[in-house]
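As structure tokens, the structure follows; a few thoughts come after it.
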Amino acid sequence: MTLLARSAPKESDRELLVAVASGNRRALEELYLAYHRRLARFLARFTPAYENIEEIINDTFMVVWQSAKDFRNASQVSTWIIGIAYRTALKSIRRQKNHAGAANLDDCPEPTFDPTVDTEMHDWLNHGLNRLPTEQRLTLELAYHMGHSLEEIAAITDCPVGTVKARMFHAREKLRQYLPGLGGSGPLPERAG
Amino acid sequence: MSKHRSFQEAPEHEEIAMLIPWYVNNTLSDRDRSKVDVHLCSCAACRDDLMLERRVHQGMIVDCPVEYMPAASLNRLRDMLDGKSEGRGQQAVIEPERWGRRLRRWQWLAAASFILMAAAVGLLAAGRWMQGSSRLAAPVFYTVTNPAPHPRDEVVRAVFSPTITLVELQSLLDEAQLRIISGPSEAGVYSLAARSDMPVGTSLALLRRHPAVRFAEGTALSDLPPEPGRAR
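Respectively, the protein sequence lines represent chains E and F. Heads up: the first sequence begins at 23 in my numbering, then just goes up one per residue. Heads up: the second sequence begins at 149 in my numbering, then just goes up one per residue.
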């Protein structure tokens, strides 16, 4: 499990959320500061502008503020918050795609990376990731970038575990077709829906 | 994705292959992890898969070195909360209040609509009543020769052709030493007063001579000369 996925102490998150449910804005701000970095880095992989990232995070925390009383401890607070961010991001990404029309997904930002990592591999990887359907890419990112478990991803995406496995399976397959370095023969002609 | 080696091994192979991403990110339960470990010992295809997935994972786990500073966006969240705090607080309590406000707004609108409708009906009824009473009462009209309602100083009533220009009218009135003191009425009648000592009869004669004057009549009958062709 990565640090990203496990950085927030579970109990203090729960206490903060209880305080938020009772209308404590200070608690909301603490939660916000605790999750901002993690969410921003996750969202930066999908959306080019910081304004969009900020909008998604703020919309997420507006939902947290309004729905904290509905949290039933069925999952970890982090899973719940990231689930809200996931749905908010999904809406935002779809809206952007609609606005962009047939805009090429290559226009998506290439995340900044460590120069010590193999550059060619990184380029191909980002190229391939940008061509995955949104849900498949988000599943991959939640697992590999955010370090979430299968069950957590199911909770975050509000899908059965089987659906998460299937999305991951198809994402990996497509990625391999796209990445010569991973055994594929070249780019896919069309981005699958 | 790797292919299973035999029909018997297929179900387990498929199941394990599906778990490899979470084996890679180290989030599998101990039980599942052990299953994968055992399977990997005997499945070269899954070992290849595992190697490839580790590369993808390595490529994706790289963190962005850009630090996002949350202070500014937190301020914007505060603004959003202030903007919406009126509708928030304890949602369970506030929601009915919000509905109550909406309901009251609708009530106001309904009341305003009712008042408007009542006023319209009232006006309609008053109009009808006035029409009805006007039929019964004495007719509210007068003729140009009716001596009763004419303004003070009025000496002549006249009707001009609608084609007369302002300059022509002004010139005619100057010549007849008259001035407009009221009019035109609904029937196009002007009330004219004398501007000098010129006898009213002379003024009238000047008016009647002009082709744009349809009608001219003195209101002080005793001062008037007889209309041409009419015996006094």
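The beta carbon of each residue, even a glycine, is placed where N, CA and C say it ideally should be. Every value quoted in this text rests on a predicted model; they were computed, and no experiment measured them.
Taking contact to mean 3 or more Cβ pairs, one atom from each stretch, closer than 8 Å, check whether the region 83 to 92 of chain E and the region 42 to 51 of chain E are in contact.
yes
Taking beta-carbon pairs under 8 Å, can you tell me which members of the region 158 to 170 of chain E lie near chain F?
L162, E163, A165, Y166, H167, G169, H170
By the 8 Å beta-carbon criterion, what residues does the region 182 to 198 of chain E contribute toward chain F?
K187, M190, F191, R194, E195, L197, R198
By DSSP, does I329/F sit in helix, in strand, or in coil?
strand
If you draw a straight line from the alpha carbon of E37/E to that of V99/E, how long is it in whole angstroms?
10 Å
How is the beta strand (DSSP E) around V303/F delimited, first residue to last?
302 to 308
Using 7 Å as the limit for Cβ to Cβ distance, is Y216/F near chain E?
yes
Which residue spans inside the region 172 to 232 of chain F form an unbroken alpha helix (DSSP H) run of at least 4?
178 to 190, 192 to 209
Given that a residue counts as buried once 16 or more other Cβ atoms are within 10 Å of its Cβ, and exposed if not, what is C189/F?
Flag for C189/F reads exposed.
Can you give me the C-alpha to C-alpha distance between A49/E and R94/E, rounded to a whole angstrom?
When rounded, the distance between both Cα atoms is 18 Å.
Would you verify that the beta carbon of H161/F is, or is not, closer than 7 Å to some beta carbon of chain E?
Contacts with chain E at 7 Å (Cβ-Cβ) do not include H161/F.
Buried or exposed, going by whether 16 or more other CB atoms sit within 10 Å of the CB of R276/F?
exposed
Show which residues of chain E have a CB atom less than 7 Å away from the CB atom of R195/F.
Result: empty, since nearest Cβ-Cβ is about 14 Å, beyond 7 Å.
In terms of alpha-carbon separation, which member of R203/F, P332/F, D185/F, A219/F lies closest to F363/F?
P332/F
Can you find a C-beta in chain F that's less than 7 Å from the C-beta of E73/E?
So, not an interface residue.
Output the distance between the C-alpha atoms of K183/F and A193/F, rounded to the nearest integer angstrom.
When rounded, the distance between both Cα atoms is 16 Å.
Against chain E, does N223/F count as a neighbour if the rule is that its beta carbon must be under 7 Å from one of theirs?
no
Would DSSP call A342/F helix, strand or coil?
strand
What's the call for K113/E, buried or exposed, on a 16-neighbour Cβ count within 10 Å?
Its Cβ having fewer than 16 others within 10 Å, K113/E is exposed.
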